[in-house]
Structure formats: C-alpha cells, structure tokens
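Chemist:
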Amino acid sequence: DDGSTDSIIRVPISYGPIQKFLARLEQKPDLRKRQAITLPRMAFELTSIQYDTSRKVSTMQTFRTVKPEGGDQVRVYMPVPYNLGIQLSIITKYNDDMLQIVEQILPFFQPQFTLTIDLASSIGEKRDIPMILENIQMNDNYEGDFGERRNLIYTLNFTAKTYMFGQ
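Position 5 of the sequence shown, counted from 1, bears residue number 696 in my numbering, the numbering being contiguous throughout.
Written as structure tokens, this is what we have:
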C-alpha cells in the first residue's frame, strides 16, 4: 500500500529461438540431471533484415569526420538504411508473472522507443535508432492435461530502423 517493493525477481534473457527453450521445458525430469529450465525466462532473436528504400540517400554522397582518437579527417560514404526484425519471447508459468514482466516493457513503447547507438565507433558516428513495437502475440497451453507443464508465451515483435556502414 505504501508503494515500497517487496522483492525483485531477475528474469534471465538470452539469445536464441523460442523453440529451443520450449524443447528444454518438455524434457523429462531426471533426479541426476540439472533442472531443465527455470521460469520465467526471456529469449530474443534477430528474425529479419530488410533494406529500407524510404530512407535511401544517394549512393555516392559522402561526409567527412575526424576519428575519435584524433588525427586526419576521414571521408565516409553514407550508411545504408536497414530494418532489423527482432523478436522477444517471454515464457512464464503463471499469468501474474507474465503481466508483471510485460508491464515493465510496454510503457516505453508508444509505439516506439528511440535509442542513441554508437553505430561506427571507429569514426565516432552515433545515431538515434527507433525501436518500434509492431505487435504482441499471446499463447497459453492451459487446455492440456494435469501431467503437462503450463507455459504462457508472449511474443513481442520489434523493428529497429538502423544503418549499416561500409568500410
């Protein structure tokens, strides 16, 4: 009631497809082996790379910059715009856990969150990259029998409007 925090639960996140984590959940428990996987858990994966024609500039256009460590000016071609598809999957056993995780993420995306990223550290090029929340898909296998483990899976799909620099 007073707004204080009772406890903090750290949710592990790792790179990989959700199917691998689901396969580990379905493993038969063995007392001699470690636990298959602990829930809640998050996994992220790069799902697509698409050229973005709407942000295209002339291929011959260049700009000059000075390397961060100093020295001569460097002539650099304009970066190439790409949209990266990123998928974040959240797996929990209980709906309350899922809602507590999702309510920590969603307020930042309306529908985008802009990050300043050092895209080419060798020339000191920093750009603002919008991360757009495209959609959320929900899956609950609650209809199974009592022997099955319940899994709630929320899949958040993002698009990062980024750039690729040539050498």
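The beta carbon of each residue, even a glycine, is placed where N, CA and C say it ideally should be.
Using three-state DSSP, classify P772 as helix, strand or coil.
Modeler: Three-state result, P772: strand.
Chemist: What is the rounded straight-line gap between the Cα of Q741 and the Cα of M733?
Modeler: Each residue's Cα considered, the two are about 25 Å apart.
Chemist: Taking just the CA atoms, how far does Q803 sit from L790?
Modeler: Roughly 20 Å separates the two Cα atoms.
Chemist: Expressed to the nearest angstrom, what Euclidean distance is found between the alpha-carbon atoms of L722 and I820?
Modeler: Since pLDDT at L722 reaches only 49, below the 50 mark, its modelled position is unreliable, and the value read off the structure follows with that caveat. Distance between the alpha carbons of L722 and I820: 47 Å.
Chemist: Relative to the alpha-carbon of L843, which residue among K852, E794, A851 and N832 has its alpha-carbon at the smallest distance?
Modeler: Of the candidates K852, E794, A851 and N832, the one whose C-alpha sits nearest the C-alpha of L843 is N832.
Chemist: Q778 and T805 - do their beta-carbons sit closer together than 8 Å?
Modeler: Cβ distance not < 8 Å, so T805 and Q778 don't count as in contact.
Chemist: Since I believe I808 is in contact with T756 (beta carbons under 8 Å), could you give me their beta-carbon distance rounded to a whole number of angstroms?
Modeler: The pair is not a contact, with the Cβ atoms about 16 Å apart (cut-off 8 Å).
Chemist: Do N848 and E816 have their CB atoms nearer than 8 Å?
Modeler: Going by C-beta atoms, N848 is not nearer than 8 Å to E816.
Chemist: Can you check which of these residues, I796, S705 and Q828, is closest to F862 by C-alpha distance?
Modeler: Outside the modelled stretch of the chain, which goes from 692 to 858, sits residue 862, for which no answer is possible.
Chemist: For T753, collect the residues of the same chain with a Cβ closer than 8 Å to its Cβ; drop the 5 residues on either side in sequence, then sort them by chain order.
Modeler: Correct list, in chain order: R766, V767, Y768 and M769.
Chemist: Where do the N-terminal and C-terminal ends of the alpha helix (DSSP H) with V757 fall, by residue?
Modeler: Not the alpha helix (DSSP H): V757 falls in the beta strand (DSSP E), residues T753 to V757.
Chemist: Write down the C-beta distance between P731 and I796 rounded to the nearest angstrom, noting that I regard them as a contact closer than 8 Å.
Modeler: Wrong, their Cβ atoms sit about 13 Å apart, outside the cutoff.
Chemist: Around the C-beta of Y785, are 16 or more other C-beta atoms found within 10 angstroms, so that it is buried, or is it exposed?
Modeler: With fewer than 16 Cβ atoms within 10 Å of its Cβ, Y785 is classed as exposed.
Chemist: Given that a residue counts as buried once 16 or more other Cβ atoms are within 10 Å of its Cβ, and exposed if not, what is I709?
Modeler: By the neighbour-count rule (16 or more Cβ atoms within 10 Å), I709 is buried.
Chemist: Can you say whether S695 is buried or exposed, counting buried as having 16 or more other CB atoms within 10 angstroms of its CB?
Modeler: Classification of S695: exposed, given that the 10 Å Cβ count is below 16.
Chemist: Suppose contacts are defined by Cβ-Cβ distances below 8 Å. Is N774 in contact with K711 by that definition?
Modeler: Contact flag unset, no.
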